[in-house]
Amino acid sequence: MRTEPIYALDARKQPRQARSQATVDAIFEATIQVLLAEGLPRLTTIRVAERAGVSVGTLYQYFPQKQALLFAVLQRHLERVAQTVEDAAHAMHGATLAQMVKTIVTAFVQIKTENLEESRALYAVAAELDSRDYVLGIKQRNRAALEAMLKTASDAQFDDIATVTFMFAGVLIGPIQVLLEGPPSADMLRMLPAQLESVCLGYLEREANPANRAKAS
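The sequence shown: position 28 = 28 (UniProt numbering), numbered continuously.
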């Protein structure tokens with residue numbers, strides 16, 4: 001487990017040209033490949049550089065140590081997840097609860113399971129780096145996007161929107177974490193979106209303001 005503060009793991013420099021960005025992208029993809037092929041304990045900057053087709057010196061220009069590289073790869077993944085949730089939530093402003101839940105669940109499950117082995121490997125990386133503060137920030141972004149969306153629901157209002165959003169986000173995340181901790185069956189993966197949609201929508205409909213529910217019906 002890392003001992004450095006999370007801010008110490010920032011990349012040494014940011015790519016500013018297309019060629020530099022391509023190099024960093026190759027390093028990121030090589031890191032994922034080594035993680036999947038060798039596992040986290042055997043990942044080294046030398047192995048990553050060889051897989052990416054760059055020198056170790058080039059890798060160190062961007063990432064001064066293995067932990068910095070791992071954090072950058074984790075950050076890219078979690079930022080993509082957060083952006084997916086934010087985009088889906090923003091697109092659903094003014095929709096019904098059913099439409100909101102279906103869109104959010106579909107987007108979230110897809111981004112987390114489209115490459116399940118990669119997500120599982122990065123789940124282990126997050127634990128290795130003790131990146132709890134950073135992950136907490138991502139969760140807060142997700143909840144903010146979901147809360148802003150729920151406030152605009154066309155057929156529901158909530159007396160305690162903060163608590164409702166907290167629970168909604170928790171229900172979304174919980175089953176995914178279980179999937180990342182162990183290999184799911186094909187049937188479980190196939191049924192997950194519909195099952196998760198049913199649980200989330202049922203909770204939100206129950207918590208909606210009763211007067212508003214009656215009016216909508």
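We put the CB at the ideal spot given by N, CA and C, even for glycine.
Open item on the list: DSSP three-state label for leucine 136, please.
Closed with: helix
Open item on the list: Is it buried or exposed, leucine 204, if we count other Cβ atoms within 10 angstroms and call 16 or more buried?
Closed with: buried
Open item on the list: Going by DSSP in three states, lysine 66 sits in which element: helix, strand or coil?
Closed with: helix
Open item on the list: Distance check for threonine 163 and glycine 94, CA to CA, integer angstroms please.
Closed with: 20 Å
Open item on the list: Among the candidates Tyr62, Ile138, Gln177, whose CA atom is the shortest distance from the CA of valine 109?
Closed with: Gln177
Open item on the list: Would the region 51-68 count as touching the region 109-127 if we require 3 or more Cβ pairs under 8 Å?
Closed with: Because the criterion of three Cβ pairs below 8 Å is not met, the region 51-68 and the region 109-127 do not touch.
Task: Chain-order list of residues whose beta-carbon lies under 7 Å from that of threonine 106 (same chain, five-residue window excluded) - done: Pro193
TODO: Please look up how many angstroms separate the CB atoms of alanine 89 and leucine 146, rounded, as I've assumed it's under 8 Å.
DONE: 6 Å
Open item on the list: Taking 6 Å as the limit between beta carbons, can you name the residues of its chain near alanine 124, skipping five residues before and five after?
Closed with: Leu40
Open item on the list: Once DSSP output is grouped into helix, strand and coil, what is the label at proline 210?
Closed with: helix
Task: As assigned by DSSP and simplified to three states, the class of phenylalanine 158 - done: coil
Task: alpha helix (DSSP H) segments (min. 4 residues) lying fully within the region 26-75 - done: Scanning the region 26-75 for uninterrupted alpha helix (DSSP H) segments of 4 residues or longer gives 45-52, 56-62, listed from N- to C-terminal end.
TODO: Spell out whether any CB of chain C is found under 8 Å from the CB atom of glycine 53.
DONE: No chain C is part of this structure, which consists of one protein chain only.
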